[in-house]
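Below: one structure, written as structure tokens.
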Amino acid sequence: MSGHIQNLPRHTFVTIGIIMNRFRLCLLYCCLACILPLAAHAKPTGEIIFSPSANFFGLWSGNVQDRQDARSVFRQKLLIIELSIQKNDSYLIAVAERFVEDDLHLVIDAYLLNRKNWFIKEKNLTLGLFGEVLDAAISEKGDVVFTNRSFRIQVAVPRQASGIHLIPNSEIRKPIPQAKLLKEVEAHYIDWAPNGKEIAFDTADGIFLMDRLTLKISHIIKDGYRPVFSPDGKKLAFLTRTKPTRLSILSLTNPQNLKHIADVSPLYFTWSPDGRYIVYTLAAPNLTRKNYAVPVAGGPPERILEMYDRGVRLFEWTHAAKSGAHAVEPTNKLTTLWGKLKRQN
Numbered sequence: 001m002s003g004h005i006q007n008l009p010r011h012t013f014v015t016i017g018i019i020m021n022r023f024r025l026c027l028l029y030c031c032l033a034c035i036l037p038l039a040a041h042a043k044p045t046g047e048i049i050f051s052p053s054a055n056f057f058g059l060w061s062g063n064v065q066d067r068q069d070a071r072s073v074f075r076q077k078l079l080i081i082e083l084s085i086q087k088n089d090s091y092l093i094a095v096a097e098r099f100v101e102d103d104l105h106l107v108i109d110a111y112l113l114n115r116k117n118w119f120i121k122e123k124n125l126t127l128g129l130f131g132e133v134l135d136a137a138i139s140e141k142g143d144v145v146f147t148n149r150s151f152r153i154q155v156a157v158p159r160q161a162s163g164i165h166l167i168p169n170s171e172i173r174k175p176i177p178q179a180k181l182l183k184e185v186e187a188h189y190i191d192w193a194p195n196g197k198e199i200a201f202d203t204a205d206g207i208f209l210m211d212r213l214t215l216k217i218s219h220i221i222k223d224g225y226r227p228v229f230s231p232d233g234k235k236l237a238f239l240t241r242t243k244p245t246r247l248s249i250l251s252l253t254n255p256q257n258l259k260h261i262a263d264v265s266p267l268y269f270t271w272s273p274d275g276r277y278i279v280y281t282l283a284a285p286n287l288t289r290k291n292y293a294v295p296v297a298g299g300p301p302e303r304i305l306e307m308y309d310r311g312v313r314l315f316e317w318t319h320a321a322k323s324g325a326h327a328v329e330p331t332n333k334l335t336t337l338w339g340k341l342k343r344q345n
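Our numbering numbers the first residue of the sequence shown as 1 and each following residue consecutively.
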């Protein structure tokens, strides 16, 4: 047999070599084709602070993909409604409801917690002085903004205006933090840009951006509410008011670039730290929750947090993506000012 092979023409060996090389390339391509989609659609990972559906009171710390490290970190009798974390630092803000036994009524306030030392008692930043706190957010520098619906609980307590309020980082450690009214307006949801220079909020007229220093307000989109900045600050995720509700993304560098990524009406949603996913919570039977991650680039949603009994109500990642740099100032934005919008209406 070996003698017959040695007697084959030289061009035959060349042909066989070419065929073998092509076979190896095809085999390598097939292997990569199987592996790369898995990597491209890898589910979000990392540490989160969350409120489980099995226990509406208190907070837990854990990993998105592993339940073994999950632990209860905050056990006070506060019903957590909204959550905002100071990325890569110590603080978080929880909008929470508590029952005041002396007056037999419920109060919703903004609380400051130290996630680096959970033994430090939570601090009530708003002290029941602003009626009902609707939402709150903390920047990476530790400045807090919140929205409220004002009403007078006690005659002796002065009525604060409904609107957007700022508690600077320099005030949050004081016994009674002083809040500055940035805008008297019927706003609800609010969020900081990652660079700490802009604030996104919503009203019945749509979604707006406020410049932190000049307080100039720009109208971003009319059909939307609950804005959430992407980790790079270049996009806003939001929900449409038009039915059916859609989870959508708007580019702040090109406002004409609007993308609907899921026809859902989530109870809660946020971005993954790398900005590749929108992660949201849907209601399920018996007060349970189901959590999904939908790729921003397109694709079907995937179930996450299935290892937690009854699902997770709300959650935030504790750290920003290591490689995620803050975006430059958005350009070419719609610049309808607040006063002009009110005149149009």
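Virtual Cβ for every residue (Gly too), placed ideally from N, Cα, C. Just so we're clear, the structure is a prediction, and the values are computed from it rather than from any experiment.
Residue environment analysis places R303 among the exposed positions, since fewer than 16 neighbouring C-beta atoms fall within 10 angstroms of its C-beta. In this structure, the straight-line span from the alpha carbon of G311 to that of N291 is close to 7 Å. Secondary structure note for A110: its beta strand (DSSP E) is the uninterrupted segment 105-114.
If you keep only unbroken beta strand (DSSP E) runs of at least 3 residues inside the region 174-240, you get 180-184, 190-192, 198-203, 206-211, 217-221, 225-229, 235-239. Taken through DSSP and simplified to helix, strand or coil, R303 comes out as strand. For Y292, the enclosing beta strand (DSSP E) begins and ends at 288-295.
The residue among P255, Y225, G299, Y111 with its C-alpha nearest the C-alpha of R246 is Y225. By the criterion of at least three beta-carbon pairs nearer than 8 Å, the region 44-59 is in contact with the region 68-79. Pairing W271 with I48 gives a Cβ-Cβ distance that is not under 9 Å. Distance from the CA atom of E122 to the CA atom of T288, rounded to whole angstroms, is 27 Å.
According to the DSSP assignment, R149 belongs to the beta strand (DSSP E) that extends over 144-149. By the criterion of at least three beta-carbon pairs nearer than 8 Å, the region 170-178 is not in contact with the region 114-121. C-alpha of P301 to C-alpha of Y280: approximately 10 Å in a straight line. Note on R313: 16 or more other CB atoms within 10 angstroms of its CB, so buried under the neighbour-count rule. Taking C-beta atoms under 8 Å as the contact rule, G131 and Q86 fail to qualify, at a distance of about 25 Å. Per DSSP, the unbroken beta strand (DSSP E) holding K77 starts and ends at 71-85. By the criterion of a C-beta distance shorter than 7 Å, V185 is surrounded in its chain by G163, I164, T203, once the five residues flanking it on both sides are discounted.
Taking 9 Å as the cut-off, the Cβ atoms of V228 and L215 do not count as close. Secondary-structure assignment with DSSP links S51 through a beta bridge to L314. Linking F151 to G128 through their CA atoms gives a straight-line distance of about 10 Å. Beta-bridge analysis with DSSP links V279 to T270, A293.
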